[in-house]
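Peer 1:
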Amino acid sequence: MAVQLRMRLTACTLLAMAATALSSAMPSESSAAPATKKAAVVCDVPVSNPRGQILALSCSSCHGTDGKSVGIIPPIHGKSVDYIESALKDFKSGARVSTVMSRHAKGYSDEEITLIAQYFGSLSRKK
Numbered sequence: 001m002a003v004q005l006r007m008r009l010t011a012c013t014l015l016a017m018a019a020t021a022l023s024s025a026m027p028s029e030s031s032a033a034p035a036t037k038k039a040a041v042v043c044d045v046p047v048s049n050p051r052g053q054i055l056a057l058s059c060s061s062c063h064g065t066d067g068k069s070v071g072i073i074p075p076i077h078g079k080s081v082d083y084i085e086s087a088l089k090d091f092k093s094g095a096r097v098s099t100v101m102s103r104h105a106k107g108y109s110d111e112e113i114t115l116i117a118q119y120f121g122s123l124s125r126k127k
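Its first residue numbered 1, the sequence shown is counted upward by one per residue in UniProt numbering.
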């Protein structure tokens with residue numbers, strides 16, 4: 001069951017990446033077009049932050065795709081964007097010590113950390 005869910009989420013992510021790539025390759029809309037766009041929806045998963053979602057895939061093996069990890073891994077679902085971003089930056093700088101997270105966070109730029117925090121923070125606001 002978990003494998004099927006993981007495969008579906010992986011397929012959804014690949015579709016989201018393809019949709020993002022196609023939309024960036026298409027000619028831009030005229031300047032008279034409305035400035036607001038609806039977030040893309042792929043496989044019933046809103047994709048308003050596709051890059052953050054892609055970056056967050058590396059978190060899913062421990063924290064789950066929805067941030068609701070089980071066992072000894074702390075859940076990140078329900079945490080605010082500010083909390084997640086601050087924690088990741090503290091892991092990166094060494095201000096907060098963790099065997100795995102300190103090494104993992106060092107692999108991201110501050111911009112990427114912000115995108116990951118925004119992605120997981122947005123999950124707790126959805127039903």
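Backbone N, C-alpha and C define an ideal beta-carbon position, used for all residues, glycine too. Please read these numbers as outputs of a predicted model, since none were measured by experiment.
Taking only heavy atoms of the ligand HEM into account, decide whether any of them is closer than 7 angstroms to the Cβ of Pro74.
Peer 2: Absence of the ligand HEM is noted for the structure shown, with no ligands found whatsoever.
Peer 1: For Thr99, count neighbouring C-beta atoms within 10 Å of its own C-beta (all shown protein chains included) and say buried if the count is 16 or more, exposed if not.
Peer 2: Classification of Thr99: exposed, given that the 10 Å Cβ count is below 16.
Peer 1: Near Leu115, which residues of its chain fall below 7 angstroms by C-beta distance, leaving aside the five closest residues on each side in sequence?
Peer 2: Closer than 7 angstroms at Cβ, skipping near neighbours: Asn49, Arg51, Gly52, Leu55.
Peer 1: Does the separation of the CB atoms of Ala105 and Phe91 fall below 8 angstroms?
Peer 2: Cβ atoms of Ala105 and Phe91: closer than 8 angstroms.
Peer 1: For Gly94, count neighbouring Cβ atoms within 10 angstroms of its own Cβ and tell me buried if that reaches 16, exposed if not.
Peer 2: That one is exposed.
Peer 1: Would you kindly work out how many angstroms separate the C-alpha atoms of Ala117 and Ser109, rounded to a whole number?
Peer 2: Taking the straight line from one Cα to the other gives about 12 angstroms.
Peer 1: Ignore the nearest five residues each way along the sequence and tell me which others in Leu88's own chain have a CB closer than 6 angstroms to its CB.
Peer 2: Answer for Leu88: Ala105, Ile113, listed in chain order.
Peer 1: What is the residue span of the alpha helix (DSSP H) that His104 lies within?
Peer 2: It spans 99 to 105 - the alpha helix (DSSP H) in which His104 sits, taken as one unbroken run.
Peer 1: Do Cys59 and Ile73 have their C-beta atoms closer together than 8 angstroms?
Peer 2: No, the Cβ-Cβ distance between Cys59 and Ile73 is not below 8 angstroms.
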